[in-house]
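In the working numbering, the protein residues as written are 19 to 363.
What follows is the structure, encoded as structure tokens:
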């Protein structure tokens, strides 16, 4: 069977109520609630559709969802109800592309989804065990959308949380990558093929250091450019930034190396903020986040608690993952993390 590797992300569910109710039991309780006809939410897929914009153009659908006795496992679809899909039609035509060029090309077209169906723009598969949440996301799905999905699921249905309560889904540092306490971290570095390399210093560096990155693909350049523009706007203002962007040549693009420094002895508040920064990094990038301790040694692996795993595909080239296999693999990651002392059962 064909397989594909995807990042398994980890989050710890923390409720503001402090009543000890766990994500797993909350999810199960919400899905167990029955309507006036006696039908539980497990059996009502239309009631598991969440509109994520005012016009209902984009929706999150909790499609397959199962009680595994020791966990709750679900599949979330990011649905585009009004969008078009671009198609390459294998019909050739000769067109004039300039005064000097006539070329034979394939025609392009855009189509609505066939009647009775909607386009999928992304998928997520999640597993809740106690207060531990594991998830895999594909295509256009994001960590923010998954957080919003649980806000809706837990607060918009009976047997869930009160609308006035709040919760967070916190990423965690991988303890095996930390040589000491979180307060010993000197800086964080992010690297990866789809994100700009940058560094966040938590103490004054001994001497200035620079970072140079050779971009390999147009996609990487686009990501760097898009992430650099807001920072340049904050420094120069929108008007001067627009002028700068307009002056760039065809082979030029903006990139920013950011360094944020916290000097002096670490406080509990700054430790908490450092952990929040790691949480934000976990949300915005799958790139490797490395930490450097007081000894100046950089961690070998990813400092964020997450791991790559192989998943079965229904067939070659599929954008979907096998539901049962994902459930097995996420439970395997949970078991490994507990066994290795990374989380507590």
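No residue lacks a Cβ here, since even glycine has one placed at the ideal position from N, Cα and C. On a predicted model such as this, the values are computed, not experimentally measured, just so you know.
Report task. Could you tell me if residue 92 is buried or exposed, where buried requires 16 or more neighbouring beta carbons within 10 angstroms of its beta carbon? Result -> buried
inquiry  = Check for me: the alpha helix (DSSP H) holding residue 111 runs from which residue to which?
reply    = First-last for residue 111: 103-114, but that is the beta strand (DSSP E), not the alpha helix (DSSP H).
Open item on the list: Buried or exposed, going by whether 16 or more other CB atoms sit within 10 Å of the CB of residue 124?
Closed with: exposed
For the ligand GDP, is there a heavy atom less than 7 Å away from the beta-carbon of residue 120? You won't find the ligand GDP in this model; it holds no ligand whatsoever.
- Message: Taking only three categories from DSSP, how would you classify residue 123?
- Response: strand
By how many angstroms is the C-alpha of residue 150 removed from the C-alpha of residue 30?
5 Å
Quiz item: Closest to residue 165 by CA distance: which of 363, 152, 177, 349 is it?
Solution: 152
message = Output needed for residue 362: all residues of its chain with C-beta closer than 8 Å, excluding positions within five of it in sequence on either side, in chain order.
response = 356
Between residue 183 and the rest of its own chain, which residues show a CB-CB distance below 8 Å, the 5 nearest in sequence each way excluded?
33, 34, 35, 173
Hey, quick one: how far does the alpha helix (DSSP H) through residue 157 stretch, first residue to last?
Looking at the DSSP string, residue 157 is not in any alpha helix (DSSP H); the run it does join, the beta strand (DSSP E), is 150-157.
query: Looking only at its own chain, which residues have a Cβ that is under 8 Å from the Cβ of residue 256, when we skip the five neighbours before and after it?
result: none
Between the C-alpha atoms of residue 99 and residue 158, what's the straight-line distance to the nearest angstrom?
15 Å
> Beta-carbon separation of residue 148 and residue 46 under 8 Å?
Replying inline: no
| CB residue 28 to CB residue 190, shorter than 8 Å? | yes
Exercise. If you drop the 5 nearest sequence neighbours on each side, which residues of the same chain put their C-beta closer than 8 Å to that of residue 60?
Worked result: 49, 50, 83, 85
Can you give the Cα-Cα distance for residue 154 and residue 87, rounded to whole angstroms? 21 Å
To the nearest angstrom, how far is the alpha carbon of residue 6 from that of residue 306? Because the chain in this structure spans residues 19 to 363, residue 6 falls outside the shown range and cannot be described.
For residue 328: DSSP bridge partner residues: 23
Classify residue 251 as helix, strand or coil using the three-state DSSP reduction. helix
inquiry  = Would the region 95-111 count as touching the region 131-138 if we require 3 or more Cβ pairs under 8 Å?
reply    = yes
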